[in-house]
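Structure, as structure tokens:
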Amino acid sequence: MNKTITLYELNHLVNQTLALSMPGEYWVEAEVSEMREVRGHCYIELVQKDEWGSTPVAKASAKCWKTNWQYLGPRFERITGQSLKSGMKILVKVYADFHEAFGFSWIITDIDATFTMGDMARKRQEIIRILKEEGVFDLQKELILPMLTQRIAVISSENAAGYGDFCNQLWDNEYGLKFSVRLFPAVMQGKQVEESVIQALNTVHAEVDSFDVVVIIRGGGATSDMSGFDTLLLAENVANFPLPIITGIGHDRDESVLDLISHTSVKTPTAAAALLVDRLSAVYERVWEAQERMGRLVSMTMERERMRMNRLEEKIPILFSLVKNEKVADILQLYNRLQLLVEQKVVVQKHRVDMLFHRFQPALQQQMNNEKYHIDILSRRLESLDPALLLKRGYSITLHQGRVVRHPGQLKTGDELETRVEQGIIRSVVQ
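Our numbering numbers the first residue of the sequence shown as 4 and each following residue consecutively.
Here it is, written out as structure tokens:
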């Protein structure tokens, strides 16, 4: 049977072999899958994924001892603006270490923060490219802030100092301008930023007619945790939002995708409040200037009209006199024309009457002679029928109750009769 060795001896052999075969340090590109800090030391799980997918093709554990991490960690945050976390691609300088009791690991001696910055920038550029291809990159820029931007929906952490600074800056303005502010709470750092801010935007959208502008602010949190604002889904929601969105998320270095896609980007919450105050104060000054200009214009117009009325007042008597004389002359001329026309009309009508008189006079005379002859005939007839002539000839007329008696049957015994003769009246009674 072959000679056996202990596990420690085997591991020690591996340790010596690695020390001899890999004595130097290596710069390695990898993605952080997990990271944790324990008593000042940093423990990282590194992974390399398939180029065409997300399947890991290599994994390794790495450590950065406290003596190095207390320098490398802050420097990484200062350069990249973010803390080291899972999902980041990093370029680290390592050397191989095999411990008989704890096994193999890579020991990190340096981190190239500029490599991570380049990777973050590449991700940002990819998101920007997609947004431009979708045609939504400039949608927010095309919106117009209302002239009176006073109804403000704020998306921020409820207890963040930045929200308080924003409100104080807004309400304690030197102009005494009034604003209506409503907070829509959201997580502003960590992995929940995207989901939380989108949910807040959806809540605002349900009451979109109640607001003039949306302000997304962040303050008081860790300045190193800004990756939540560099996501495609959040950028698409902001780009397509119907109200102008102002961001003030405290990004001191490069602009985030959210800053680029929003209507207006400022650095801090107080700067966002100052922007709104300055805008409203500018509108207030324009209104005040317009009011003063309008007052001056009204005064000038009234003075000009007063002077014009005075001039007209001076001209009225002269104009009235001229008009009066013109009208009097017109009336006299019209009167003379009417008088002449009337006289001419009278002459014409008199001439017509004379002509008619001369034309009808012989006919009228003939008609009068005919009528006179007819009257003479009737007169002779009436004379021949006069009862007095009959009485003179010996005739008499018997009357009963004033009516002529023509037949004996008209009378009865006892009737009184009246008989008229030439020389008088005879009264008798029927027996």
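Each residue gets a CB set at the ideal place from its N, CA and C atoms; glycine is no exception.
With H, G and I counted as helix, E and B as strand and the rest as coil, what does DSSP make of residue i?
i: K270; result: coil
i: D53; result: coil
i: V41; result: strand
i: T119; result: helix
i: I82; result: helix
i: I8; result: coil
i: G27; result: coil
i: G251; result: strand
i: D281; result: helix
i: L13; result: helix
i: V260; result: helix
i: D333; result: helix
i: T20; result: helix
i: Q434; result: coil
i: F244; result: coil
i: K415; result: coil
i: T234; result: coil
i: S265; result: coil
i: E210; result: coil
i: Q298; result: Position check: residue 298 holds Gly in this sequence, whereas Gln was assumed. Looking at G298 - three-state DSSP - the assignment turns out to be helix.
Which one of the options has the shortest CA to CA distance from residue i?
i: K69; options: Y338, I110, Q404; result: I110
i: V432; options: V424, T401, R409, Q426; result: T401
i: G193; options: T234, R125, R289; result: T234
i: R221; options: G43, D262, K318, Q336; result: D262
i: A285; options: R125, I334, V35, M150; result: M150
i: V218; options: S160, G27, K181; result: S160
i: L49; options: A99, E34, R39; result: E34
i: W2; options: A209, Y98, G165; result: Nothing can be reported for residue 2: it is not among the residues displayed for the chain, which extend from 4 to 434.
i: R39; options: D215, I249, K66; result: K66
i: T273; options: L300, W72, Q51, T250; result: T250
i: N71; options: K88, H44, I82, Q413; result: H44
i: Q128; options: G27, V290, I264, T58; result: I264
i: V260; options: I82, I252, A275, F232; result: F232
i: A156; options: D215, L420, E329, L392; result: D215
For residue i, which residues does DSSP report across the bridge?
i: T422; result: T401, I429
i: V92; result: The question names Val, yet the displayed sequence has Lys at residue 92. DSSP lists E34 as partners of K92.
i: H102; result: G106
i: P59; result: K52
i: S64; result: E48
i: I114; result: V95
i: V216; result: I155
At a cut of 8 angstroms, does the segment 84-102 reach the segment 113-126 through at least three beta carbon pairs?
By the C-beta criterion, the segment 84-102 is judged to be in contact with the segment 113-126, since at least 3 inter-stretch pairs fall below 8 angstroms.
Closer than 8 angstroms is the cut-off here; do at least three beta carbon pairs connect the segment 4-19 with the segment 100-109?
Touching, per the Cβ criterion.
As an exercise, report each continuous beta strand (DSSP E) stretch of at least 3 residues that is fully enclosed by the segment 130-204, in chain order.
Within the segment 130-204, the complete beta strand (DSSP E) runs of at least 3 residues are 154-159, 183-188.
Stretch pair the segment 132-147 + the segment 173-181: three plus CB contacts closer than 8 angstroms
Touching, no, given that fewer than three Cβ pairs across the two stretches are closer than 8 angstroms.
Quick check: the segment 5-15 against the segment 59-77, are there 3 or more CB pairs under 8 angstroms?
No, the segment 5-15 does not touch the segment 59-77.
Would you say the segment 127-136 touches the segment 234-250, given that touching needs at least three Cβ pairs under 8 angstroms?
Three or more Cβ pairs closer than 8 angstroms define a contact, and the segment 127-136 meets that threshold against the segment 234-250.
How about the segment 287-306 and the segment 189-206: do they share at least three Cβ pairs that are nearer than 8 angstroms?
With the cut-off at 8 angstroms, the segment 287-306 and the segment 189-206 do not touch.
Say whether the segment 282-296 touches the segment 166-174, bearing in mind that this needs 3 or more beta-carbon pairs closer than 8 angstroms, one atom from each stretch.
Too few Cβ pairs lie closer than 8 angstroms, so no.
Entirely within the segment 359-409 and at least 4 residues each: give me those alpha helix (DSSP H) ranges in chain order.
Entirely contained in the segment 359-409, the alpha helix (DSSP H) runs reaching 4 residues are, in chain order, 390-395.
Cβ contact check for the segment 421-431 and the segment 392-409: 3 or more pairs under 8 angstroms:
Cβ pair count under 8 angstroms is three or more, so yes.
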